[in-house]
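**Student:** If you're matching positions, the sequence shown starts at 2 in the numbering used here and goes up one per residue.
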Amino acid sequence: MIIKIIITKHKKRIFFLYKISLSVSVRLQSTMSPNLSHLVILSLLFISAVHADTLNGDDPLIMEVVDGQDASSSNLLSAEQRHFSLFKSKFKKSYGSQEEHDYRFSVFKANLRRAARHQELDPTASHGVTQFSDLTPAEFRKQVLGLRRLRLPKDANEAPILPTSDLPEDFDWRDKGAVGPVKNQGSCGSCWSFSATGALEGAHFLATGELVSLSEQQLVDCDHECDPEEPGSCDSGCGGGLMNSAFEYTLKAGGLMREEDYPYTGTDRGACKFDKNKVAARVANFSVVSLDEDQIAANLVKNGPLAVAINAVFMQTYIGGVSCPYICSRRLDHGVLLVGYGSAGYSPVRMKDKPYWIIKNSWGEKWGENGFYKICRGRNVCGVDSMVSTVAAVETSSQ
Numbered sequence: 002m003i004i005k006i007i008i009t010k011h012k013k014r015i016f017f018l019y020k021i022s023l024s025v026s027v028r029l030q031s032t033m034s035p036n037l038s039h040l041v042i043l044s045l046l047f048i049s050a051v052h053a054d055t056l057n058g059d060d061p062l063i064m065e066v067v068d069g070q071d072a073s074s075s076n077l078l079s080a081e082q083r084h085f086s087l088f089k090s091k092f093k094k095s096y097g098s099q100e101e102h103d104y105r106f107s108v109f110k111a112n113l114r115r116a117a118r119h120q121e122l123d124p125t126a127s128h129g130v131t132q133f134s135d136l137t138p139a140e141f142r143k144q145v146l147g148l149r150r151l152r153l154p155k156d157a158n159e160a161p162i163l164p165t166s167d168l169p170e171d172f173d174w175r176d177k178g179a180v181g182p183v184k185n186q187g188s189c190g191s192c193w194s195f196s197a198t199g200a201l202e203g204a205h206f207l208a209t210g211e212l213v214s215l216s217e218q219q220l221v222d223c224d225h226e227c228d229p230e231e232p233g234s235c236d237s238g239c240g241g242g243l244m245n246s247a248f249e250y251t252l253k254a255g256g257l258m259r260e261e262d263y264p265y266t267g268t269d270r271g272a273c274k275f276d277k278n279k280v281a282a283r284v285a286n287f288s289v290v291s292l293d294e295d296q297i298a299a300n301l302v303k304n305g306p307l308a309v310a311i312n313a314v315f316m317q318t319y320i321g322g323v324s325c326p327y328i329c330s331r332r333l334d335h336g337v338l339l340v341g342y343g344s345a346g347y348s349p350v351r352m353k354d355k356p357y358w359i360i361k362n363s364w365g366e367k368w369g370e371n372g373f374y375k376i377c378r379g380r381n382v383c384g385v386d387s388m389v390s391t392v393a394a395v396e397t398s399s400q
């Protein structure tokens, strides 16, 4: 098998373009057993992923796995003007000047090419135009991502090891009433607060039988919890934060208010308006979960929805399906909520049914599968297993 790796430097960025030829693959299979040839292919891709993860840079790595067609070919963009018109209409986009309009159109065209590359890298999902298709990768990260730190504190409490022998094949907290409606963080890097409130909402439901929508704005305005091991790394509203720090703040503050009593504004320029007399849910304790995926599943089933961090590079273009990219950075940049898992996501590239996680996002119901995201289980894809937290709620009524 021949894998062409083209390394091009442009403005100090490194782009890896992976071109895999089926004809050459067939040639490889003629010289060795099918199982061995598949192992060689997967091993080479894994080595490439490890090298990609070691690279530093502001922009996510752009990687192409091309089978017979150049992702930059003109036929991919033949209807770009029509697509842009439909995009503006669907997502109610308007721009202040012709210059801004033309610039956003150029960004949109670049994102069409990017979606095509993502489709080739992630064939078990659908990628295309989303509400973020007029944002550059840097704008996307600044506006809707917001995970403040890349690691958990060294002194974080660890969740106890749970039995895994009797786990159900499929599980979804949405079917059991523990997951509220999808929310929208808007153009504010407050994803961490939605992940934290979602986990506490689920824990409060398990403790009391009552599903309450909790206030992300309280965390945005009032939570400035810091990690003493990382100077300058504090929860900072739209500037980012960490779910465990949000749990720590909530524990110290005495709880979170209802969303209706402290509504979301999508900005962090207001003063803290926390009223301890209107607390709706309280944290009893919280801990981090082992990277073992069976332990993650066991904690999900026993303790409710889990606060999870992920690399969101493929989420900017995600439409639906089970996302199982060949290569994805594990540099964590987005906080989400793990609400379930399934076993029937077929992955033809991997020759078998691929189990997947069900993720609740905070970009509104028009994104993804009505606001939800499916990503395959089994090998820490996009770092989804790397930072998982569980929280327990105090058994009191919010009335």
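Note that the Cβ used here is the ideal one computed from N, Cα and C, for glycine as well.
1) Do you know whose CA, among F85, F172 and N362, lies nearest N185's CA?
2) Can you tell me whether DSSP reads E1 as helix, strand or coil?
3) Does DSSP put Y104 in a helix, a strand or coil?
4) From the DSSP secondary-structure annotation, give me the bridge partner or partners of F373.
5) Given this structure, state the Cα-to-Cα distance separating I297 from G379, to the nearest angstrom.
6) Pop quiz: L338 and G187 are said to be a contact at Cβ under 8 angstroms. What is the actual Cβ separation, rounded to whole angstroms?
7) So, with DSSP's three-state summary, where would you put S390?
8) Suppose only complete runs of 4+ residues qualify. What are the alpha helix (DSSP H) ranges in the stretch 111-196, listed by chain order?
9) Which residues in the same chain as S196 place their Cβ atom closer than 6 angstroms to its Cβ, once the five residues preceding and following it in sequence are excluded?
10) For the alpha helix (DSSP H) that contains Y250, what are its first and last residues?
11) Compute the distance between the beta-carbons of G241 and V221, then report whether it is under 7 angstroms.
12) Write down every uninterrupted run of the alpha helix (DSSP H) in the stretch 269-300 whose length is 4 residues or greater and which is fully enclosed by it, in chain order.
13) Quick one: is P264 buried, meaning 16 or more other Cβ sit within 10 Å of its Cβ, or exposed?
14) Please report the residue range of the alpha helix (DSSP H) in which V221 lies.
15) Can you list, in chain order, the residues of its chain whose CB lies under 8 angstroms from that of G210, leaving out five sequence neighbours each side?
16) Suppose you measure from the CA of C329 to the CA of V382; what does that come to, to the nearest Å?
17) Please state if the CB of D334 and the CB of L148 are separated by a distance shorter than 7 angstroms.
18) Under the three-state reduction of DSSP, which class applies to C383: helix, strand or coil?
19) Mapping DSSP to helix, strand and coil, what is S90?
20) Which term fits K355, buried or exposed, when burial requires 16 or more other beta carbons within 10 angstroms of its beta carbon?
21) Give me the Cα-Cα distance between K274 and S90, rounded to the nearest whole angstrom.
22) How big is the Cα-Cα spacing for D411 and S95?
23) Does the Cβ-Cβ distance between E370 and G321 come in under 7 angstroms?
24) Tell me the rounded alpha-carbon separation between F88 and Q132.
25) Could you give the first and the last residue of the continuous beta strand (DSSP E) run that contains Y319?
26) With a threshold of 6 angstroms on Cβ separation, who are the neighbours of E226 within its own chain once the five nearest residues in sequence on each side are excluded?
27) Between P1 and V180, which are expected to be in contact by the criterion C-beta below 8 angstroms, what is the C-beta distance as a whole number of angstroms?
28) Taking H119 as the reference, give the member of W358, A313 and A254 with the closest Cα.
29) Of the choices Y342, L201, A139 and W368, whose alpha-carbon is the least far from that of A394?
30) So, helix, strand or coil for V395, using DSSP?
31) Starting from V309 and walking both ways along the beta strand (DSSP E), at which residues does that stretch end?
32) To the nearest angstrom, how far is the alpha carbon of S98 from that of Q82?
33) Let me check one thing: in DSSP terms, what residues is S337 bridge-paired to?
34) When you compare each of S127, A80 and K253 to F287 by their alpha carbons, which one comes out closest?
35) Taking the DSSP output, what are the residues bridged to C235?
36) Beta carbon of V389, beta carbon of V323: below 7 angstroms?
**Tutor:** Looking at the coordinates:
1) N362
2) Because residue 1 is not part of the residues shown, which for the chain are 2 to 400, the question remains open.
3) helix
4) K361 and E370
5) 11 angstroms
6) Their Cβ separation, rounded to whole angstroms, is 17 angstroms, which puts L338 and G187 out of contact at 8 angstroms.
7) strand
8) 138-145
9) M244, A308, G336, V337 and L338
10) M244 to A254
11) no
12) none
13) exposed
14) E217 to C223
15) none
16) 7 angstroms
17) yes
18) helix
19) helix
20) buried
21) 37 angstroms
22) Because the chain is modelled from 2 through 400, residue 411 falls outside the range shown and cannot be assessed.
23) yes
24) 8 angstroms
25) Y319 to S324
26) D236, S246, E249 and Y250
27) Nothing can be reported for residue 1, as the shown portion of the chain is limited to 2 through 400.
28) A313
29) L201
30) coil
31) L307 to I311
32) 18 angstroms
33) The displayed chain sequence assigns Val, not Ser, to residue 337. Answer is V309.
34) K253
35) C227
36) no
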